[in-house]
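Chemist: Sharing a structure here in structure tokens format.
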Amino acid sequence: MSAAGNEPLRLRPERGDLVRLAASVDAFAVAHGLAFTDSHAFMLAAEELFANTLSHSRTPVTLIEFTIVADESSALATYSDDGSPFDPTALAEVDTTLPVESRTIGGLGIHFIRRTMSTFRYERRDGRNIVTFGRVLSHINRSDEHL
Amino acid sequence: MEVTFEHLGELLLIAISGRLDTNTAPQFDAQAARQLAHPNPRILIDLSAVTYISSAGLRSILQLVKHTAAHGGRLGLYGAPSHIVEVIEISGFPALLDLYPDRESAIAQRPA
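Chains as they are written, first to last, in this note's numbering: chain H, 684 to 830; chain G, 76 to 187.
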């Protein structure tokens, strides 16, 4: 696998850094010729994890790190933060069939990841939440449509 | 993200462009809240210029869905690019709202 860079992207837990995260995914997608559907899926997954960090950590987060690598058939991303323990893979499935009066948006971001990624793993190591997600690439490059 | 509001008879037409995500959804919500001060049983949203939507953006749309439902109406979306439609479908939202290919069909069609 080859990475966009040797060092992980380091982010602060601030909304403004979502722009840097999105730019990183987009640059990786362009550099590796990812199809739009793949880059969009990784963009969505990365944002949802970042949003969870901002919203749900019970302790202050000081550092978020993100890396993404790819080989000819698949791409794999790693997202980590030093917030309170939070395993997104353990969240209950959302019920997307509820009527409008009962619908909430909670958990929908993780639902997106489950639906678009073939790999979705969590581990707690060295005081960090580490989430790994990835998918087999579609190999249909439509580079003029990047986000 | 840019948003414009247009009243067409009883319809409230909302056109969004750019990204509707964790960063921009609060701006959209603030602007939409002023429009929701009055009952709008039918709202149509133009998504043709939306490049990206996350669950934060869907939360904004869900608020509008609930507003129309509370007033006996229904919300419609039109012009959404295929990758936006995919996100909407994964969310299960098609059961809660109407999807139209373009503005003309959205305005012409009575809500389901």
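Each residue gets a CB set at the ideal place from its N, CA and C atoms; glycine is no exception.
(1) Can you name the residues of chain H whose CB is closer than 7 Å to the CB of GLY167 of chain G?
(2) From H:ALA729, H:ALA775, H:SER801, pick the residue whose C-alpha is nearest to that of ASP764 of chain H; which is it?
(3) To the nearest angstrom, how far is the alpha carbon of ASP121 of chain G from that of ALA706 of chain H?
(4) So HIS158 of chain G contacts chain H; which residues on that side make the cut at Cβ distance below 8 Å?
(5) Contact criterion: CB-CB distance below 8 Å. Does GLU731 of chain H meet it with respect to chain G?
(6) Between the alpha carbons of LEU87 of chain G and PRO176 of chain G, how many angstroms are there, rounded?
(7) Only counting the same chain, and skipping five residues up and downstream in sequence, which positions put a Cβ closer than 8 Å to that of THR742 of chain H?
(8) Starting from ILE788 of chain H, find everything on chain G with Cβ-Cβ shorter than 7 Å and list it in chain order.
(9) On the DSSP letters alone, give me the boundaries of the beta strand (DSSP E) that GLY147 of chain G sits inside.
(10) Which residues of chain H have a Cβ atom closer than 9 Å to the Cβ of ALA155 of chain G, listed in chain order?
(11) Give the interface partners of TYR127 of chain G over in chain H, defined as CB-CB distance under 9 Å, in chain order.
(12) Determine the DSSP secondary structure at SER801 of chain H, reduced to helix, strand or coil.
(13) Taking DSSP as the reference, what is the three-state secondary structure of LEU717 of chain H?
(14) Quick one: is ALA144 of chain G near chain H, going by C-beta distance under 8 Å?
(15) In terms of residue numbering, what span does the alpha helix (DSSP H) encompassing PRO821 of chain H cover?
(16) Just checking my contact of PHE832 of chain H with SER740 of chain H at CB under 8 Å: how many whole Å lie between their CB atoms?
(17) Along the stretch 793-806 of chain H, what residues have a CB closer than 8 Å to any CB found in chain G?
(18) What would DSSP say about HIS113 of chain G, mapped onto helix, strand or coil?
(19) Where do the ends of the alpha helix (DSSP H) carrying ALA181 of chain G lie?
(20) Quick one, are the C-beta atoms of ASP96 of chain G and SER129 of chain G less than 8 Å apart?
(21) Going by the beta-carbon positions, is the gap between ILE796 of chain H and ARG134 of chain G smaller than 8 Å?
(22) Considering only the alpha carbon of each residue, which of G:HIS146, G:ILE91, G:GLN138 lies closest to TYR153 of chain G?
(23) Determine, using beta carbons only, whether ALA760 of chain H and ILE747 of chain H come nearer to each other than 8 Å.
(24) Taking DSSP as the reference, what is the three-state secondary structure of LEU781 of chain H?
(25) For ARG703 of chain H, name the three-state secondary structure that DSSP assigns.
(26) LEU791 of chain H touches chain G at which residues, Cβ-Cβ below 7 Å?
Modeler: Looking at the atomic coordinates:
(1) Against the second sequence, residue 167 of chain G aligns to sequence position 92. What GLY167 of chain G touches in chain H: THR779, THR780.
(2) Locating residue 764 of chain H in the first sequence gives position 81, counting from the first residue. Of H:ALA729, H:ALA775, H:SER801, the residue nearest in Cα terms is H:ALA729.
(3) The sequence position of residue 121 of chain G within the second sequence is 46, counting from 1. The sequence position of residue 706 of chain H within the first sequence is 23, counting from 1. Taking the straight line joining both Cα atoms gives about 25 Å.
(4) Taking the first residue of the second sequence as position 1, residue 158 of chain G is located at position 83. Correct list: PHE719, THR720, HIS723.
(5) Within the first sequence, numbered from 1, the residue matching residue 731 of chain H stands at position 48. Yes - at least one Cβ of chain G is within 8 Å of the one on GLU731 of chain H.
(6) Here residue 87 of chain G refers to the residue found at position 12 of the second sequence. Here residue 176 of chain G refers to the residue found at position 101 of the second sequence. Each residue's alpha carbon lies about 18 Å from the other.
(7) The sequence position of residue 742 of chain H within the first sequence is 59, counting from 1. If we look at THR742 of chain H and ignore the five residues flanking it on each side, its Cβ neighbours are GLY766, SER767.
(8) Here residue 788 of chain H refers to the residue found at position 105 when the first sequence is read from its first residue. Correct list: SER130, LEU133, ARG134, LEU137.
(9) The residue labelled residue 147 of chain G in the question sits at position 72 within the second sequence. Looking at the DSSP string, GLY147 of chain G is not in any beta strand (DSSP E), and its letter there is neither H nor E.
(10) Here residue 155 of chain G refers to the residue found at position 80 when the second sequence is read from its first residue. Those do not exist, as ALA155 of chain G stays about 13 Å from chain H at its closest Cβ, beyond 9 Å.
(11) The residue labelled residue 127 of chain G in the question sits at position 52 within the second sequence. Per Cβ cutoff of 9 Å: ALA705, HIS723, MET726, LEU727, GLU730, LEU830.
(12) In the first sequence, the residue the question calls residue 801 of chain H occupies position 118. Here SER801 of chain H sits in coil by DSSP.
(13) In the first sequence, residue 717 of chain H corresponds to position 34, counting from 1. In this structure, LEU717 of chain H counts as coil in the three-state DSSP scheme.
(14) Here residue 144 of chain G is taken as the residue at index 69 of the second sequence, counted from 1. Yes, ALA144 of chain G counts as interfacial toward chain H.
(15) By one-based count along the first sequence, residue 821 of chain H stands at place 138. Residue identity differs from the one stated: residue 821 of chain H is Ser in this sequence, not Pro. Where SER821 of chain H is concerned, there is no enclosing alpha helix (DSSP H), given that its DSSP letter is neither H nor E.
(16) Not covered by the structure: residue 832 of chain H. The range shown for chain H is 684 to 830.
(17) HIS794, PHE795, ARG798, THR799
(18) Start at 1 with the first residue of the second sequence, and residue 113 of chain G comes out as number 38. Looking at HIS113 of chain G - three-state DSSP - the assignment turns out to be coil, as it is neither helix nor strand.
(19) Within the second sequence, numbered from 1, the residue matching residue 181 of chain G stands at position 106. Element bounds for ALA181 of chain G: 178-183.
(20) Position 21 of the second sequence, counted from the start, is the residue given in the question as residue 96 of chain G. Position 54 of the second sequence, counted from the start, is the residue given in the question as residue 129 of chain G. Yes; because the gap between Cβ atoms is below 8 Å, this pair is in contact.
(21) Translated into the one-based positions of the first sequence, residue 796 of chain H becomes position 113. Translated into the one-based positions of the second sequence, residue 134 of chain G becomes position 59. Contact: no.
(22) If you number the second sequence from 1, residue 153 of chain G lands on position 78. Nearest of G:HIS146, G:ILE91, G:GLN138 to TYR153 of chain G, Cα basis: G:ILE91.
(23) Here the question's residue 760 of chain H lines up with position 77 in the first sequence. Here the question's residue 747 of chain H lines up with position 64 in the first sequence. No, they are not a contact pair.
(24) Here residue 781 of chain H refers to the residue found at position 98 when the first sequence is read from its first residue. If DSSP states are grouped into helix, strand and coil, LEU781 of chain H belongs with coil.
(25) As a working note, residue 703 of chain H is residue 20 in the first sequence. Three-state DSSP puts ARG703 of chain H in a helix.
(26) Against the first sequence, residue 791 of chain H aligns to sequence position 108. Correct list: SER130, LEU133, SER166.
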